[in-house]
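Chemist: Here UniProt numbering is used: position 254 in the sequence shown is 254, and no number is missing along the way.
Heads up, the beta-carbon is just placed ideally off N, CA and C, and yes, glycines get one too.
Remember, it's a predicted structure, so these values are computed and weren't measured experimentally.
Take this structure, written in structure tokens, and hold onto it; I'll ask about it next.
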Amino acid sequence: MRMKYVLSEVLVGLWRNVTMTIAMIITMAVSLFMLGGAGLLYQKVGDMKDLYYENVQVSIFLAPDVSEQQRNDLDAKLKSDPLVKEVLYVNKDEAYKRFQEMYQDAPDLVNAVKADQLPESFRLKLVNPEQYKSIYDQYKDTEGVDEIVDQSRLLDKVFGVLTGIQTFALVIAVFMAAAALLLVANTIQVAAYSKRREVAVMKLVGASNWFIQAPFVLEAVVAGLIGSVLALVFMAVGKYFGGSGSMAALEGLITPVSWGDILLMFPIMAGVGALFSAVTGWITLRFYLRV
Numbered sequence: 001m002r003m004k005y006v007l008s009e010v011l012v013g014l015w016r017n018v019t020m021t022i023a024m025i026i027t028m029a030v031s032l033f034m035l036g037g038a039g040l041l042y043q044k045v046g047d048m049k050d051l052y053y054e055n056v057q058v059s060i061f062l063a064p065d066v067s068e069q070q071r072n073d074l075d076a077k078l079k080s081d082p083l084v085k086e087v088l089y090v091n092k093d094e095a096y097k098r099f100q101e102m103y104q105d106a107p108d109l110v111n112a113v114k115a116d117q118l119p120e121s122f123r124l125k126l127v128n129p130e131q132y133k134s135i136y137d138q139y140k141d142t143e144g145v146d147e148i149v150d151q152s153r154l155l156d157k158v159f160g161v162l163t164g165i166q167t168f169a170l171v172i173a174v175f176m177a178a179a180a181l182l183l184v185a186n187t188i189q190v191a192a193y194s195k196r197r198e199v200a201v202m203k204l205v206g207a208s209n210w211f212i213q214a215p216f217v218l219e220a221v222v223a224g225l226i227g228s229v230l231a232l233v234f235m236a237v238g239k240y241f242g243g244s245g246s247m248a249a250l251e252g253l254i255t256p257v258s259w260g261d262i263l264l265m266f267p268i269m270a271g272v273g274a275l276f277s278a279v280t281g282w283i284t285l286r287f288y289l290r291v
């Protein structure tokens with residue numbers, strides 16, 4: 001009987017302040033959508049780092065006048081280096097084949113370059129790609145070495161931009177969450193004020209604070225859960241249109257967001273929405289019931 005009363009009061013409370021309830025749900029949905037998007041972004045940037053750093057190479061380009069003895073000495077030193085996982089020597093002919101493949105859509109450029117104009121190189125895979133600086137410091141002054149290029153330095157710039165986007169999305173989510181929680185508190189205060197006589201009567205007849213607070217707190221929880229469902233819908237729409245639109249061109253550059261990733265974010269969004277709404281409602285009513 002008590003549970004039936006609590007649930008009926010929840011439905012009546014949501015309908016009584018329907019405009020504020022809608023505003024609260026929409027704000028909650030947007031904030032949870034931003035939170036879910038930020039979470040997915042963090043996850044995908046981490047996956048991208050693992051993917052790219054696993055295949056990243058350090059290229060040691062040899063000087064045009066490098067001697068065979070210098071090349072052999074460097075080869076032996078690299079193969080015995082504990083920081084180096086794999087060593088691949090690329091001669092001028094192999095470098096030219098790679099150059100032709102890379103610029104096959106620019107035949108004039110390919111025809112203007114001869115095989116003997118491209119430098120020999122050693123392509124290294126490191127045990128830990130973040131130890132590039134140690135490799136650079138160790139081999140930069142080695143005889144026969146012209147230049148050392150690390151692909152991860154270029155990737156760091158890309159990841160720096162993505163990290164900035166991550167932070168921006170998270171900050172927006174925090175601001176939207178604060179707005180949603182203020183709306184939750186305000187909605188509950190209005191609902192409690194509109195039922196102040198009933199609350200006073202229940203307190204006089206000895207009703208517990210929990211029994212009085214439960215309908216109001218559940219209103220906030222229901223609004224938070226509905227907001228999380230809307231946030232999931234927003235993410236699904238973004239996945240659908242993003243996957244078939246301009247974002248499809250980025251496939252192969254970034255790890256794709258799967259439907260499983262989106263569905264895995266739903267329990268997090270629902271939990272955050274329900275928990276924060278419940279805590280906000282409970283704290284608001286604690287102050288109200290003390291008046």
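1. Opposite LYS125 in the DSSP bridges: which residues?
2. Is it buried or exposed for GLU68, if we count other Cβ within 10 angstroms and need 16 for buried?
3. With distances taken from CA atoms, which of VAL237, LEU232, ILE226 is nearest ALA23?
4. Which word fits THR19, buried or exposed, when buried means at least 16 other C-beta atoms lie within 10 angstroms of its C-beta?
5. Name the residue from PRO129, ASN186, TRP259, THR27 whose alpha carbon lies nearest to the alpha carbon of THR284.
6. Can you find at least 3 beta carbon pairs, one from the segment 23–43 and one from the segment 101–112, that sit closer than 8 Å?
7. Could you tell me which of LEU170, GLY160, ILE60 sits nearest to LEU88, measuring between CA atoms?
8. Is VAL145 helix, strand or coil by DSSP?
9. Assign ASP65 to one of three DSSP states: helix, strand, or coil.
10. Excluding the 5 residues flanking ILE165 on each side, which residues of the same chain have their C-beta closer than 7 Å to its C-beta?
11. Taking the DSSP output, what are the residues bridged to SER59?
12. Given a cut-off of 7 Å, decide if LEU118 and LYS92 are closer than it, judged by their beta-carbon atoms.
13. Ignore the nearest five residues each way along the sequence and tell me which others in LEU230's own chain have a CB closer than 6 Å to its CB.
14. Could you give the distance in angstroms between the alpha-carbon of MET176 and the alpha-carbon of GLU219?
15. GLU86 to LYS125, Cα distance in whole Å?
16. Determine whether the beta carbon atoms of LEU183 and GLN131 lie at a separation below 7 Å.
17. Does the distance from the CB of LEU32 to the CB of GLY260 come in under 7 Å?
18. At the level of alpha carbons, what is the spacing between ASN129 and VAL58?
19. Looking at GLY281 and VAL217, is the spacing between their C-beta atoms short of 7 Å?
20. Determine the DSSP secondary structure at LYS239, reduced to helix, strand or coil.
21. Please report the distance separating the alpha-carbon of GLU147 from that of ASP141.
22. Verify whether the separation of the beta carbon atoms of ALA179 and ALA38 is less than 7 Å.
23. In this structure, how does DSSP classify TYR139 when only helix, strand and coil are distinguished?
24. Tell me whether ASN111 sits in a helix, a strand or coil according to DSSP, three-state version.
25. Nearest-angstrom Cα distance between LEU181 and GLY46?
26. Looking at C-alpha atoms only, which residue of ALA76, ASP150, MET265, SER258 is the closest neighbour of LEU35?
27. Quick one: using the 10 Å Cβ neighbour count with 16 as the cut-off for buried, is GLY271 buried or exposed?
Modeler: Straight from the coordinates:
1. In the DSSP output, where bridge partners are listed per residue, LYS125 has GLU86.
2. Classification of GLU68: exposed, given that the 10 Å Cβ count is below 16.
3. Closest in alpha carbon position to ALA23, among VAL237, LEU232, ILE226, is ILE226.
4. The residue is exposed, with fewer than 16 neighbouring Cβ atoms inside 10 Å.
5. Ranking PRO129, ASN186, TRP259, THR27 by Cα distance to THR284 puts ASN186 first.
6. Under the Cβ criterion (8 Å, minimum of three pairs), the segment 23–43 does not count as touching the segment 101–112.
7. Of the residues LEU170, GLY160, ILE60, the one whose Cα lies closest to the Cα of LEU88 is ILE60.
8. Strand.
9. Assignment of ASP65 by DSSP, reduced to helix, strand and coil, places it in the coil class.
10. The answer, listed in chain order, is LEU41.
11. According to DSSP, SER59 bridges with ARG123, VAL149.
12. For LYS92 and LEU118, yes; Cβs fall inside 7 Å.
13. Excluding positions up to five away in sequence, the list reads ALA29.
14. Cα to Cα, MET176 sits roughly 20 Å from GLU219.
15. Distance between GLU86 and LYS125, taken at the CA atoms: about 5 Å.
16. No. Outside cutoff.
17. Cβ distance not < 7 Å, so LEU32 and GLY260 don't count as in contact.
18. At residue 129 the sequence reads Pro, which differs from the Asn that was named. So the alpha carbons of these two residues sit roughly 9 Å apart.
19. Taking 7 Å as the Cβ cut-off, VAL217 and GLY281 qualify as a contacting pair.
20. Assignment of LYS239 by DSSP, reduced to helix, strand and coil, places it in the helix class.
21. Roughly 10 Å separates the two Cα atoms.
22. The Cβ-Cβ distance between ALA179 and ALA38 does not fall below 7 Å.
23. Correct three-state label for TYR139: helix.
24. If DSSP states are grouped into helix, strand and coil, ASN111 belongs with the helices.
25. In a straight line, the C-alpha of LEU181 is about 30 Å away from that of GLY46.
26. Considering only alpha carbons, the answer is MET265.
27. Under a 10 Å Cβ-count criterion, GLY271 is classified as exposed, with fewer than 16 other Cβ atoms of the shown protein chains found around its own Cβ.
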